[in-house]
Amino acid sequence: MTLRYRHRLVTAALAGLLCASGAWARLGGDAASVVSDGLALGASTSQSKLVGATLYTQTLPNGLTLRQYVNAAGLVFAVGWEGPVLPDFERLLGPYFAAYDTALRQQRRGVNVQAADLVIESGGMMRSFNGRAYLPPGVPATLPAQDIR
154 MTLRYRHRLV TAALAGLLCA SGAWARLGGD AASVVSDGLA LGASTSQSKL VGATLYTQTL
214 PNGLTLRQYV NAAGLVFAVG WEGPVLPDFE RLLGPYFAAY DTALRQQRRG VNVQAADLVI
274 ESGGMMRSFN GRAYLPPGVP ATLPAQDIR
């Protein structure tokens, strides 16, 4: 194995790790990485304007569809998912993962967290998962919470 080949191999491996570790803008995080994360994951991304928010929809190669809602301040105030696999909740929920994990351990089926500052609903069955998580204080007044999916 030549030195040049080894260098390319190591570079490719590191690039793959970096792309995999930077997945998805986190709930409560900055919207700047939504599109770049989608590109890194090989997702097809579409953007739609809602009243008071922007919706980014990403379809990943594994069939998972992620929806990320961003308010006018650039805050990811809600995320939704559906598909044959579950998302990486630790990355997707960021600092709110602990609440999800606690609820997961306490509930037999699905996850349902209802708090003043956080709502998480997740359920489904094999190869058909769906859910949403949102921060009620960050939801624009013009967007009803029931429209977040």
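For the sequence shown, the positions run 154 to 302 when our numbering is used.
Yeah, the Cβ is synthetic: ideal placement off N, Cα and C, and Gly gets one too.
Exercise. Taking the Cβ atom as the reference point for each residue, do A312 and L180 lie within a distance shorter than 8 Å?
Worked result: Lying outside 154 to 302, the shown extent of the chain, residue 312 is not represented and no answer is given.
Exercise. Near G191, which residues of its chain fall below 6 Å by C-beta distance, leaving aside the five closest residues on each side in sequence?
Worked result: T198, Q211
For this session: Report all residues from its chain with a CB closer than 6 Å to the CB of P293; omit the five preceding and five following residues, and keep chain order.
Result: G205, A206, N224
Problem set entry | Member of A252, A231, A185 whose CA lies at the smallest distance from the CA of Q221 | A231
Problem set entry | Inter-residue spacing [alpha-carbon to alpha-carbon] between L239 and N283 | 8 Å
Problem set entry | Segments assigned alpha helix (DSSP H), at least 4 residues, entirely inside the region 191-250 | 242-246
Problem set entry | Completely contained beta strand (DSSP E) runs for the region 253-296, where each covers 3 or more residues | 264-267, 272-278, 281-287
For this session: Starting from the C-beta of T295, find all residues in its chain whose C-beta is less than 7 Å away, skip the five residues before and the five after it, and write them out in chain order.
Result: V204, G205
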